[in-house]
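Residue numbers (my numbering): 2 to 345.
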């Protein structure tokens, strides 16, 4: 292929050129203007959209910069799509936590698919949109998401790829143009695609988390809490090791990482049970604030931010100030000094 005409490596991730109204999409903020923020729709080849300032928050806006920052990526809701003019109006304030979780999961899958497709196209000098037309989008249609098809390709590529076809036009011996149906992929493209999928699609462990409150006002209450934490961690196994960390008294977080979500939830449930038995035996109390569930990187970041805020708040509080309960449960801070032995 001549360098004068390099292949096109830019393409949207989905067959539809524009998103649907009321759909959550992943955007990146490009710049802040007088009326609102201009953004790129990352799943739609960076076409432009706009979030008006009135769609940033349900509350009164004191500082725009605290709500939206240039460069940030986040899910927003599609309000209007003018296909003729290419205008897309978006809202940050109307997107729910559920929409955000769904959008992030879809985008992470789509981004991986796109990265693999683009790498194959670039390596073999193919047009990326052509690869999507004949491989990517048919797999999205059949499997709901090409990511699901790619998971099958890891172990059984033929069952997924050999059924894909494309039509080509040829001039027959009589000079008439005829349409022939041929495999969508040459052996070379199929081999490259399968190799890249197998390299990139190794199973990723899920993080499972539970949030509990634990208190013990008995003499040596801190030691009893530590004993309960050790019992919780001992209930983990090699596939699902359990860790328990103090957020701020009386809040603790239990986590595990596993390839099997159900197993992870069961292991954390058993860890909470073991922890409860110990703390109950010392007349303490454990309350489950958030049951075991799979969490995203975003949840991890939010927890880290929350812990940092609590730490700085603790540093600002006068040591003599606080209720009896705060002072009592505050003994849990001692826990931090030796927590490495417990939580690692």
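Cβ coordinates follow ideal geometry from the N, Cα and C atoms, glycine included.
- Task: Take residue 73 and list the residues in its own chain whose beta-carbon comes closer than 6 Å to its own, dropping the five residues that flank it on each side.
- Result: Only residues of its own chain outside the window of five on either side were considered, and among them 30 have a CB closer than 6 Å to the CB of residue 73, listed in chain order.
- Given that a residue counts as buried once 16 or more other Cβ atoms are within 10 Å of its Cβ, and exposed if not, what is residue 237? Buried, since its Cβ has 16 or more Cβ neighbours within 10 Å.
- Task: Out of 276, 184, 111, 219, point me to the one whose CA is closest to residue 44's CA.
- Result: Measuring from the Cα of residue 44, the nearest candidate turns out to be 111.
- Could you work out which residue in 230, 90, 36, 125 is closest to residue 216 when comparing CA atoms only? When each option's Cα is compared against that of residue 216, the closest is 230.
- Message: For residue 243, tell me which candidate among 153, 259, 228, 249 has the shortest Cα-Cα distance.
- Response: The residue from 153, 259, 228, 249 with its alpha-carbon nearest to that of residue 243 is 259.
- Give the straight-line distance between the Cα atoms of residue 161 and residue 150, rounded to the nearest whole angstrom. Approximately 7 Å, taken between the alpha carbons.
- Can you tell me which of 7, 108, 183 puts its alpha carbon nearest to the alpha carbon of residue 75? Considering only alpha carbons, the answer is 108.
- Spatial distance of residue 18 from residue 255 (CA atoms): Distance between the alpha carbons of residue 18 and residue 255: 43 Å.
- Beta-carbon spacing of residue 233, residue 276 below 8 Å: Taking 8 Å as the Cβ cut-off, residue 233 and residue 276 qualify as a contacting pair.
- Message: Under DSSP, the alpha helix (DSSP H) around residue 108 begins and ends at which residues?
- Response: Counting along the chain, the alpha helix (DSSP H) containing residue 108 begins and ends at 98-125.
- Using three-state DSSP, classify residue 29 as helix, strand or coil. Note: residue 29 maps to strand in three-state DSSP.
- Query: From residue 294 to residue 251, what does the alpha carbon distance come to, in whole angstroms?
  - Reply: Straight-line Cα distance between these residues: approximately 20 Å.
- Query: Is it true that the CB of residue 134 sits closer than 8 Å to the CB of residue 158?
  - Reply: In this structure, residue 158 lies away from residue 134, with their beta-carbon atoms at least 8 Å apart.
- Identity of the residue in 246, 115, 269, 197 nearest residue 308 by Cα: Relative to the Cα of residue 308, the nearest Cα in the group 246, 115, 269, 197 belongs to 246.
- For residue 155, which residues from the same chain have a beta carbon less than 7 Å from its beta carbon, with the 5 sequence-adjacent residues on both sides left out? If we look at residue 155 and ignore the five residues flanking it on each side, its Cβ neighbours are 198, 199, 202.
- When the Cα atoms are used, what is the spatial distance from residue 185 to residue 213? For residue 185 and residue 213, the distance between alpha carbons rounds to 53 Å.
- Item | Whole runs of the beta strand (DSSP E) within the stretch 213-253, excluding any shorter than 3 residues | List check, beta strand (DSSP E) in window: 244-249.
- Item | First through last residue of the beta strand (DSSP E) which encompasses residue 41 | Per DSSP, the unbroken beta strand (DSSP E) holding residue 41 starts and ends at 37-42.
- Measure the alpha-carbon distance for residue 61 versus residue 99 and round it to whole angstroms. Straight-line Cα distance between these residues: approximately 23 Å.
- In terms of alpha-carbon separation, which member of 35, 271, 192, 80 lies closest to residue 241? The shortest Cα separation from residue 241 among 35, 271, 192, 80 belongs to 271.
- Query: Do the CB positions of residue 36 and residue 90 come within less than 8 Å of each other?
  - Reply: No, they are not a contact pair.
- Collapsed DSSP secondary structure at residue 286 in the structure displayed: Residue 286: strand per DSSP, three-state reduction.
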